[in-house]
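The structure under discussion appears below in the form of structure tokens.
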Amino acid sequence: MERALLVCVPPHRRHDLVEQYFARAKQLFLSCSDFRSYGSCALELSYIAAGRLDGYYELCLGYYDMAAGMLIVQEAGGMVASADPARPFEDTRCDLVASNGLIQHQILHMVQS
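Take a look at the structure:
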């Protein structure tokens, strides 16, 4: 995990989630090599599938933002999950954690604690 490059994107339209996001992002940042953000969920998830990035965390994503990228990550052998076990991929918005599969449980543990 200490060598991992992660994507961490703050919630754009949900200012009520900023405190929660930055508390979790701080834990991730202190445990990884660095953060990146390219401005496109589909691109960032594709980079995980290609091995250019290791993990992804974002709050309050719409399915139109992540559906294709989630499939690409899974087809490449990576993992995707809801960051909030109480809100699985059934709601209209989702908190997403994705990875190459090697650090998925570590990311989930940090964002769920």
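In terms of my numbering, the sequence shown opens at residue 174 and continues consecutively. Note that CB positions come from ideal geometry on N, CA and C, so glycine has one too. Quick caveat: nothing in here was measured; it's all calculated off a predicted structure.
State the start and end residues of the unbroken alpha helix (DSSP H) segment that holds residue i.
{"i": "D238", "result": "236–248"}
{"i": "R197", "result": "191–204"}
{"i": "S210", "result": "Element bounds for S210: n/a, residue is neither H nor E."}
{"i": "L281", "result": "277–285"}
On the criterion of 16 or more Cβ atoms from any shown chain inside 10 Å, does residue i qualify as buried, or is it exposed?
{"i": "A223", "result": "exposed"}
{"i": "R176", "result": "exposed"}
{"i": "L216", "result": "exposed"}
{"i": "A254", "result": "buried"}
{"i": "G228", "result": "buried"}
{"i": "V191", "result": "exposed"}
Specify, as a first and last residue, the run of the beta strand (DSSP E) that residue i falls within.
{"i": "M252", "result": "252–255"}
{"i": "R260", "result": "That residue, R260, is in no beta strand (DSSP E); it is neither H nor E in DSSP."}
{"i": "R266", "result": "266–272"}
Using three-state DSSP, classify residue i as helix, strand or coil.
{"i": "E217", "result": "helix"}
{"i": "A177", "result": "coil"}
{"i": "T223", "result": "Looking at the sequence provided, one finds Ala at residue 223 rather than Thr. Residue state, collapsed to three classes: helix."}
Thinking residue i and residue j are a contact (beta carbons under 8 Å), I'd like their distance in whole angstroms, please.
{"i": "C181", "j": "L201", "result": "6 Å"}
{"i": "C233", "j": "R187", "result": "5 Å"}
{"i": "M243", "j": "L218", "result": "7 Å"}
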